[in-house]
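Shown next, in structure tokens, is the structure this report addresses.
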Amino acid sequence: MVKLYSLRGNLSGLVELSIMSWNDSSCAYNCSGHGECYNGTCICEIQFDGEGCFTTNVSYFIGFASVYFTLALVCSIQLVMCIVAEYQRMKGASLIGACRITTQKLLYFVVLLACILRGTYFTSPTANSEGWSSSLMNAYYPLLLSGSSLVACFWAEVFHLRDVRWEKPQFLSKSFLAFATFNFISYSLLLAEFLAVRYSDPSHELKSFFKQFFNGCYAVLLLIVVIFFLIYGFQVFFKVQGGFLIEGGHTKQDDKCAEMTQLLSRKKKLAYFKHIDTSQLQQSRLGLLSQALMLSIVVIFLCSETLSEFWKKKVAQHSRNWHDLLFRVVEIGVALWFPCVLWNCMSPEQLWILNPKRIIKKLDMDIPHSENNEEENQLSSSTGYKQT
């Protein structure tokens with residue numbers, strides 16, 4: 007019996023070996039290095055097609071290029087309408103003044119440029135083997151970092167700064183240096199990647215190393231953005247806290263007067279909670295969580311690309327194709343989020359992302375005058391300071 011089982015084991019091993027060798031020899035040119043041979047049939051990577059995976063998958067590239075160029079068109083229309091609306095609101099009409107940088111305009115422009123670059127990449131499928139195409143592909147990530155970090159910095163100012171009219175179009179003030187430094191790092195990485203891949207004429211192994219290294223760098227930077235995006239988004243739209251709820255500027259006061267002013271501000275914030283627009287609040291929370299989720303998925307995918315040597319060869323080609331397709335769809339979702347939440351390009355004060363006071367039913371809160379007068383009288387009697 008032992009000999010019989012041993013004979014069966016040897017025969018099954020020979021059969022498997024013969025099948026494997028038959029599979030390898032039956033696929034044309036070993037699927038051109040762009041797929042796997044299975045039962046004499048090439049299962050191509052999603053970017054390639056044909057019996058021997060020689061030709062590019064035209065539908066794949068045309069589909070994604072069409073989506074990105076459509077998004078670029080939408081963002082360009084929104085940007086133009088935003089400039090026109092601001093031009094019409096100006097007392098002294100000035101085209102230069104209407105084109106001044108604001109948070110809204112910069113977000114439109116960043117997403118527009120990102121979609122154009124990614125659409126250009128997908129319209130040049132034959133350039134995938136060229137060195138510059140890798141940089142063109144990855145140029146999408148610094149631009150997404152710019153848009154997402156701009157939103158995070160804006161919300162940081164919303165949370166920390168007081169007495170700012172957020173319903174008016176504006177740009178960063180206190181957080182501009184942090185925003186500029188962070189973006190300098192991300193675009194420096196893009197330039198370094200372009201120089202390394204383009205001019206060093208590396209081997210295939212070195213190209214793969216560069217791709218994995220820079221993907222890992224973008225993943226780390228994107229993770230940092232997601233963390234601050236969630237921190238300040240949670241404070242503003244979940245806990246409903248921040249300087250945007252505090253109105254009325256004050257001059258320098260003594261310590262006791264400052265304490266009373268802080269107490270008055272707390273009472274006013276309690277009055278705000280009675281006038282929360284629940285529907286708008288839930289919409290803002292949904293928008294915040296959806297973008298944070300998609301950004302987190304992009305981070306996971308970039309990390310998986312960085313560690314591709316450890317898992318890709320162990321996974322079937324079908325699964326890898328689904329992985330790539332899901333990755334590209336989520337990347338589109340991240341870009342699509344911006345024109346969706348910035349839908350009202352004519353009236354930015356109506357957008358929760360740019361004016362968090364939208365979660366309040368009335369921007370000019372009608373706090374009872376008797377309550378205000380009583381609190382101000384307490385403040386005046388305790389400190390000798392009269393609010394104006």
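Going by the working numbering, the sequence shown opens with residue 7, and the numbers climb by one from there. Glycine is no exception: its CB is placed at the ideal position from the N, C-alpha and C atoms.
According to DSSP, simplified to helix, strand and coil, what is residue i?
{"i": "G103", "result": "helix"}
{"i": "G98", "result": "coil"}
{"i": "T187", "result": "helix"}
{"i": "F115", "result": "helix"}
{"i": "I366", "result": "strand"}
{"i": "F243", "result": "helix"}
{"i": "F60", "result": "coil"}
{"i": "F54", "result": "strand"}
Taking the straight line between their C-alpha atoms, what separation do you get for residue i and residue j?
{"i": "S181", "j": "C50", "result": "48 Å"}
{"i": "K97", "j": "A104", "result": "11 Å"}
{"i": "C351", "j": "Q84", "result": "6 Å"}
{"i": "I237", "j": "H40", "result": "43 Å"}
{"i": "F219", "j": "T312", "result": "7 Å"}
{"i": "F115", "j": "Y93", "result": "18 Å"}
{"i": "M143", "j": "G125", "result": "9 Å"}
{"i": "K318", "j": "A186", "result": "37 Å"}
{"i": "L229", "j": "G239", "result": "15 Å"}
{"i": "L251", "j": "T109", "result": "20 Å"}
{"i": "F75", "j": "A162", "result": "32 Å"}
{"i": "C48", "j": "S325", "result": "15 Å"}
Got a sec: does the ligand PLP put a non-hydrogen atom nearer than 7 Å to the Cβ of residue i?
{"i": "E337", "result": "Judged by which ligands are present, the structure shown has none, so any question about the ligand PLP falls away."}
Which same chain residues end up closer than 6 Å to residue i when comparing Cβ atoms and leaving out the 5 residues on each side of it in sequence?
{"i": "F216", "result": "A202 and V203"}
{"i": "T129", "result": "A71"}
{"i": "Y127", "result": "L142 and M143"}
{"i": "I359", "result": "V347"}
Considering only residues of the same chain and omitting the five flanking positions on each side of residue i, which have a CB-CB separation below 7 Å?
{"i": "L113", "result": "G153, L156, F344 and L348"}
{"i": "A120", "result": "Y146, L149, L150 and A341"}
{"i": "F244", "result": "R291"}
{"i": "I366", "result": "Y278, H281, I282 and D283"}
{"i": "A78", "result": "L118, C121, I122 and G125"}
What span of residues does the alpha helix (DSSP H) with residue i cover, start to end?
{"i": "C346", "result": "Q323 to V347"}
{"i": "R291", "result": "T284 to T312"}
{"i": "A158", "result": "Y146 to H166"}
Specify, as a first and last residue, the run of the beta strand (DSSP E) that residue i falls within.
{"i": "G41", "result": "G41 to Y44"}
{"i": "C50", "result": "T47 to C50"}
Could you check which residue in the options has the C-alpha nearest to that of residue i?
{"i": "R95", "options": "H166, S353 and V117", "result": "S353"}
{"i": "K363", "options": "R171, L195, H324 and A99", "result": "R171"}
{"i": "V64", "options": "Q241, I52 and Y74", "result": "I52"}
{"i": "G58", "options": "V117, R168 and C37", "result": "C37"}
{"i": "F89", "options": "F75, L79, R106 and A78", "result": "Reading off the sequence, residue 89 comes out as Ile, not Phe. Nearest C-alpha to I89: R106."}
{"i": "F200", "options": "S140, A184, Q241 and L227", "result": "S140"}
{"i": "L183", "options": "D55, R168, C159 and S302", "result": "C159"}
Going by beta carbon distance, what residues of the same chain come within less than 8 Å of residue i, once the five residues before and after it are set aside?
{"i": "H166", "result": "K180, G248 and G249"}
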